[in-house]
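Engineer: One structure follows; several queries about it will come next.
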Amino acid sequence: MNFFDRLHDRIRTVDSVVSVGLDPDPSRIPEHLREYDLPRWAFNRRIIDATHEHAAVYKPNAAFYEDPDGWAALEETIAYAHGKDVPVLLDAKRADIGNTTRQYAQLLERADAITVNPYMGRDSLQPFLADEEAGVFVLCRTSNPGGADIQDLELETGEPVYERVAALADLWNENDNVGLVVGATQPEELEDLREQVPDLPFLVPGIGAQGGDAEAAVEYGLADGVGLVNSSRGIIFAGENSEAQSASNSRAAEPRDDDGEEFARASGQAAKRLKKRLNQYRD
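Written out as structure tokens, the structure is:
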């Protein structure tokens, strides 16, 4: 089974298309976890325990792990997620040429799927595309404001760059292992891209803190029921808002018996709410 077959089964098992982004910003990890040897792993383990029943996939962003302790935390996180039967999509946005990209592709020995950058063309992605069991999500239309600087440029054919990227990704999908990263902040572009590439699953970021369109993300992000809608900060740091509100409401109240794990419980509740919100738009 390739990645998208496994993802299809996972989506059916948990009735969810939620991708939980594991981006453990060290400055936002709860104080009581910072004494651990690997605070990011300690944080992620608790998030996984609280959210795995609602997660179709976990999506750690490599930027939060690129130091020796970080890579160790990432390896522990991936192994633990697999122990919960949840696939892992590494948000690494890698690509290069020759030996370099072959080295990058070795990341797929640990993760089940990866995001890649198509700017250097097909040969920079070939080692990823050649892995028939792995998923390869090609950056296509991102949700950040500066994405328009290049992605919206019009080619001689009249099409914008991001539409050409989608067309190329469709051609590169020889092993049925290619998807697209398409932000949720421009619903009309999601719709247009779905018409252009009806068979490619989308990874749709931008639903949480960026305020993307949940209905459009589901309606146009899924291909035959397979696709992912990601939230990172909106899930893993959901406890920050609840803790602030609780502190505001209970200054004169009796002290609470708090085991320090409220952040994890809040993340589980946030993942459950997002699953319910997205499922109302699924067939």
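For the sequence shown, full-length UniProt numbering begins at 1 and goes up steadily by one.
Just so you know, even glycine gets a beta-carbon here, dropped at the ideal spot from N, CA and C.
Can you tell me which of the three DSSP states Leu22 falls into?
Structural biologist: strand
Engineer: For Tyr65, which of helix, strand or coil comes out of DSSP?
Structural biologist: Residue state, collapsed to three classes: coil.
Engineer: What's the call for Arg213, buried or exposed, on a 16-neighbour Cβ count within 10 Å?
Structural biologist: Note on residue identity: the sequence assigns Asp, not Arg, to residue 213. Buried: at least 16 other Cβ atoms inside 10 Å.
Engineer: Per DSSP, which residues does Thr115 bridge with? Please list them.
Structural biologist: Phe137
Engineer: Examine the Cβ distances between the region 266-278 and the region 226-236 and report whether three or more of them are shorter than 8 angstroms.
Structural biologist: yes
Engineer: Look at Leu168 and Pro118 and say whether their C-beta atoms are less than 8 angstroms apart.
Structural biologist: yes
Engineer: Would you check if the region 142-150 and the region 94-113 touch, i.e. whether three or more CB-CB distances between them fall below 8 angstroms?
Structural biologist: no
Engineer: Compare the C-alpha of Leu7 against each of Leu278, Phe202, Glu215, Phe64 and name the closest.
Structural biologist: Phe202
Engineer: Between the alpha carbons of Asp192 and Asp176, how many angstroms are there, rounded?
Structural biologist: Between the alpha carbons of Asp192 and Asp176 lies a gap of roughly 21 angstroms.
Engineer: Rounded to whole angstroms, what's the CA-CA distance from Ser16 to Ala55? Just pull it up for me.
Structural biologist: 7 angstroms
Engineer: Return the first residue and the last residue of the beta strand (DSSP E) that Pro198 is part of.
Structural biologist: Going by DSSP, Pro198 is part of no beta strand (DSSP E) at all; its letter is neither H nor E.
Engineer: With burial defined as no fewer than 16 other Cβ atoms inside 10 Å of the residue's Cβ, what is the status of Gly260: buried or exposed?
Structural biologist: exposed
Engineer: Going by the CB atoms, is the gap between Asp69 and Leu22 shorter than 8 angstroms?
Structural biologist: Going by beta carbons, Leu22 and Asp69 fall outside the 8 angstroms limit.
Engineer: What are the partner residues of Gly179, as DSSP defines its beta bridges?
Structural biologist: According to DSSP, residue pairing for Gly179 in a beta bridge involves Phe137.
Engineer: Look up Pro160 in the DSSP assignment and say whether it is helix, strand or coil.
Structural biologist: Note: Pro160 maps to strand in three-state DSSP.
Engineer: Just to check my reading of the structure: Ala62 and Ala92 have Cβ atoms closer than 8 angstroms, yes? What is that Cβ distance to the nearest angstrom?
Structural biologist: 4 angstroms
Engineer: What residue range does the alpha helix (DSSP H) around Arg10 cover?
Structural biologist: 3-14
Engineer: Rounded to a whole number of angstroms, what is the C-alpha to C-alpha distance between Glu76 and Trp41?
Structural biologist: 7 angstroms
Engineer: Which same chain residues end up closer than 8 angstroms to Ala244 when comparing Cβ atoms and leaving out the 5 residues on each side of it in sequence?
Structural biologist: With a pLDDT of 45 at Ala244, under the threshold of 50, the modelled position of this residue cannot be trusted; read the value that follows with caution. Answer for Ala244: no residue qualifies.
Engineer: According to DSSP, which residues form a beta bridge with Lys59?
Structural biologist: Gly21
Engineer: Quick one: Cα of Gly121 to Cα of Asp131, how far?
Structural biologist: When the Cα atoms are used, Gly121 and Asp131 turn out to be separated by approximately 17 angstroms.
Engineer: Would you call the CB atoms of Leu228 and Val204 closer than 8 angstroms?
Structural biologist: yes
Engineer: How should residue 293 be labelled, buried or exposed, when 16 other C-beta atoms within 10 angstroms of its C-beta is the threshold for buried?
Structural biologist: The requested residue 293 is not part of the displayed model; the chain covers only 1 to 283.
Engineer: Could you please give me the residues that DSSP links to Glu261 through a beta bridge?
Structural biologist: In DSSP, Glu261 forms no bridge with anything.
Engineer: Give the straight-line distance between the Cα atoms of Arg34 and Arg45, rounded to the nearest whole angstrom.
Structural biologist: 14 angstroms
Engineer: Check whether the Cβ atoms of Tyr65 and Ala73 lie closer than 8 angstroms to each other.
Structural biologist: yes
Engineer: When you compare each of Asp5, Asn279, Gly225, Val136 to Gly179 by their alpha carbons, which one comes out closest?
Structural biologist: Taking each of Asp5, Asn279, Gly225, Val136 in turn and checking the Cα distance to Gly179, the smallest one comes out for Val136.
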